[in-house]
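Protein sequences appear in the order of chains A and B.
Residue numbering for the first sequence follows numbering that gives the first Met the number 0, beginning at 0 and increasing consecutively.
Residue numbering for the second sequence follows numbering that gives the first Met the number 0, beginning at 0 and increasing consecutively.
Think of the CB as a built atom: it goes at the ideal place given N, C-alpha and C, for glycine as much as any other residue.
There are 2 protein chains.
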Amino acid sequence: MNIRDLEYIKSVSKHLHFGEAALACNVSQPALSSQIKKLETELGVTLFERDNRSVRVTDAGRDIIALADDALSVIGNIYSAAETARDPLSGEFRLGTIPTIAPYLFPNFVTQSRAALPSLKLQFREDITDRLNDSLLSGDLDAAILATPPESSKLDVIELYDEPFWVIFPEHHDLQSFKRVRTKDLPTDELLLLAEGHCFRDQAMDVCRLDSSNETYTVRATSLETLINMVAARQGVTLVPAMALNPRRISGSGVDTQKLNDKSAYRRIYLTYRKSFPRQALLQKMADVFCEGLPETVKRIRG
Amino acid sequence: MNIRDLEYIKSVSKHLHFGEAALACNVSQPALSSQIKKLETELGVTLFERDNRSVRVTDAGRDIIALADDALSVIGNIYSAAETARDPLSGEFRLGTIPTIAPYLFPNFVTQSRAALPSLKLQFREDITDRLNDSLLSGDLDAAILATPPESSKLDVIELYDEPFWVIFPEHHDLQSFKRVRTKDLPTDELLLLAEGHCFRDQAMDVCRLDSSNETYTVRATSLETLINMVAARQGVTLVPAMALNPRRISGSGVDTQKLNDKSAYRRIYLTYRKSFPRQALLQKMADVFCEGLPETVKRIRG
DNA sequence: AATAATGATAAGCATTACTTATGAATATAA
DNA sequence: TTATATTCATAAGTAATGCTTATCATTATT
């Protein structure tokens, strides 16, 4: 059986005339006749009683044509569903982000994506890089915003922006006297770091040329907010990525900030996704929306 | 799009593996792959996100495969309906009969057809030959039991039985003295006839070598019962076909009967149908059932 | 008797779908 | 690291299916 056959019998039952039915189906009358005959043979049922002058629908034909109508209607729904789904900017989208980005990027992004991607249903998840990468590979996430390029060759990225690192230190700390702070000026023994697994921990250690053997502090914060609060409590100094600097929160909280003055003291932020992800256009659009709302403190790569 | 394509995507969504899905569909993996790719192109939607190691159903794919399941289910119903309809002995059947047969043939026939054709839904209609023939040609009837062969070349017949004519006359009528009554013995001026349009009127006149100019009586009965009752009331004599003789009704009703002793004094009864009627096997079976219950007074042609 | 209408049939061509063989990419095992 | 296996995609050739035009057979209509 064939979907076109169903259209043929529907057309014949409507016109009760093979020639006109064929015309309506944009085929020749012999084509339609032979297809119907073949279908009747396949079903073992005569659908139309016909002689050289008239066409009648048989009892069995009536039942079967009613079902054919149903089937064609469902098949029409398939095309409709496809048409709806064809817009890559619509549907569900599961986005993951690391904890050192999510709180600073998402508030703006949610607002802007509502305007730019109104028919997109966004779901967010916050987790560390490794688990986000696993989820990407398994298909549990569609994309993630990460600060490290992917290791798997199945993943690809859109580069979003470079985010400088800033020092946060208590008011009246020695660092306050520096006009320009560089990593070599940092008191590494006072450095407060995130817990293991957080990529920014590695990035901070990296920029300060520390390795795990150098660790002096046993603080294992899981958020930059915690680190900043600890600095305010004069527990040490820390680094944060630029986006974590909220001027209103910093001012009057007992901490001071300076941008790290090294060329390499930044991290690159990527939108990571499976190469096989079908809605690539959405990824591009989404990257645009991300970059739209970026503050002056970061250096956008796109647009 | 193609029904087989729907089966392919259903299979892939079940196995999440093109090779196994192809195996389940009894096609080679490249065949299945290329058909799915073509369908995706036609719909403009990626149904499966796949790389060299894994297959995932996309959001749009999920919706569309659900609809494909629906469509396949309806199409399954088409095959089921065909299987049910394939039995030519089932379904509706519209049978027409003339008034000089219906009352005598149907009671038995209904009983016997219930046993022999249990899944047949019979609808009866009683009318005169011309209108039954029209209904046959227009498809309003599937068959008719008639006493005249059809004129249209679109109709065909199964011969059922030959039905002799009998004379009915009042007790103590002159005819009572005949051992064997022949048509030439009939008092044609006393002959009571059915209304015009009834074929038995013509047959009776024919056998008596009368034509419309010979009419003396203006009686226009529409049933044989009326004629018999008129004979009982000594209004004249009449002819009836053999099946109209119900011994229990005749005895003691003031009439007497004799079989007409002419070779040509009978009529042949046909099951008439369109040549194009698809359930020919049903017609044969039905003819058998008719002949089963015939009384000894008629001469069956079949079986 | 001639003409028109209508579905069936025939022959040949175009399209479609399938098969087998092979490729490319990537896991897994040695 | 290198070899092997897995898996989907691609290629080339073939089989099948469906279509077109031309024609036939039958039956109304003029």
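Query	Result
Nearest-angstrom Cα separation, counted from Pro98 of chain B out to Thr225 of chain B	12 Å
Contacts that Leu42 of chain B makes with chain A (C-beta to C-beta distance below 9 Å)	Ile77, Tyr78, Ala80, Ala81, Glu82, Ala84, Arg85
As assigned by DSSP and simplified to three states, the class of Ala220 of chain B	strand
Nearest-angstrom Cα separation, counted from Asp155 of chain A out to Gln34 of chain B	28 Å
Chain-ordered chain A contacts of Gly314 of chain B [CB-CB under 8 Å]	Lying before the first or after the last residue shown, residue 314 of chain B is absent from chain B, which here runs from 0 to 302.
Chain B contact residues for Thr303 of chain A, given Cβ-Cβ distances below 7 Å	The requested residue 303 of chain A does not occur in the structure, where chain A is confined to residues 0 to 302.
Length-filtered (3 minimum) beta strand (DSSP E) runs lying within the stretch 152-202 of chain B	154-169
Per-residue contacts from Lys153 of chain A into chain B (C-beta, under 7 Å)	Asp50
Helix, strand or coil at Arg301 of chain A [DSSP, three-state]	coil
Helix, strand or coil at Phe123 of chain B [DSSP, three-state]	strand
is_contact[Met0 of chain B, chain A] using C-beta, thresh 8 Å	yes
Check: Asp210 of chain B C-beta below 7 Å from any heavy atom of the ligand MG	Among the components of this structure there are no ligands whatsoever, and the ligand MG is therefore not found.
Cutoff 8 Å: Lys138 of chain A Cβ touching any chain B Cβ	Residue identity check: residue 138 of chain A is Gly in the sequence provided, not Lys. At least one chain B Cβ lies under 8 Å of Gly138 of chain A.
Proximal residues to Thr352 of chain B (C-beta, below 6 Å), its chain only, five neighbours per side dropped	Because chain B in this structure spans residues 0 to 302, residue 352 of chain B falls outside the shown range and cannot be described.
Ala232 of chain B classed as buried or exposed, judged by whether at least 16 other C-beta atoms fall within 10 angstroms	exposed
Outcome for Phe123 of chain A when other beta-carbon atoms lying within 10 angstroms are tallied against a minimum of 16	exposed
Residue-level contact to chain A via CB, Leu159 of chain B, 8 Å cutoff	no
Residues of its chain near Asp161 of chain B, where Cβ-Cβ distance is below 6 Å and the 5 sequence neighbours each way are ignored	Tyr265, Arg267, Lys298
Beta-carbon proximity list for Leu31 of chain A, same chain, < 8 Å, skipping 5 on both sides	Tyr7, Ser10, Val11, Phe17, Ala20, Ala21, Cys24
Under 7 Å from the C-beta of Ile74 of chain A: neighbouring residues of chain B	Met0, Ala70
Residue nearest to Lys262 of chain B in terms of C-alpha spacing, selected from B:Phe164, B:Phe199, B:Val218	B:Phe164
Cβ-Cβ separation, Gly253 of chain A to Glu189 of chain A (assumed contact under 8 Å), whole Å	In fact, because the Cβ distance is near 16 Å, the residues do not count as touching under 8 Å.
Extent of the continuous beta strand (DSSP E) to which Glu48 of chain A belongs	47-49
Ala243 of chain A: first and last residue of the uninterrupted beta strand (DSSP E) it sits in	Careful: Ala243 of chain A lies outside any beta strand (DSSP E) and carries neither H nor E.
Same chain only: Cβ atoms within 7 Å of Ser222 of chain A, ignoring 5 sequence neighbours per side	Pro98
Burial state of Ser112 of chain B, where buried means 16 or more other Cβ atoms lie within 10 Å	buried
Local Cβ density within 10 Å of Ala59 of chain A, reported as buried at 16 or more and exposed below that	buried
Reduced DSSP category for Ala232 of chain A - H, G, I as helix; E, B as strand; rest coil	coil
Beta-carbon gap between Ile275 of chain B and Asp50 of chain A smaller than 8 Å	Here the sequence assigns Ser to residue 275 of chain B, which means Ile is not the residue at that position. Result yes, Cβ atoms of Ser275 of chain B and Asp50 of chain A sit closer than 8 Å.
C-beta neighbour in chain B for Ile370 of chain A, strict 8 Å	Shown here, chain A extends from 0 to 302; a query on residue 370 of chain A therefore has no answer.
Proximal chain A residues relative to Ala67 of chain B, where beta-carbon distance stays under 7 Å	Ile77
The stretch 114-121 of chain B in contact with the stretch 90-109 of chain A per 3-pair CB rule at 8 Å	no
Straight-line gap, Leu42 of chain A to Val54 of chain B (C-alpha atoms, nearest Å)	36 Å
Expected contact under 8 Å - CB spacing of Leu88 of chain A and Lys284 of chain A to nearest Å	6 Å
Helix, strand or coil at Leu209 of chain A [DSSP, three-state]	coil
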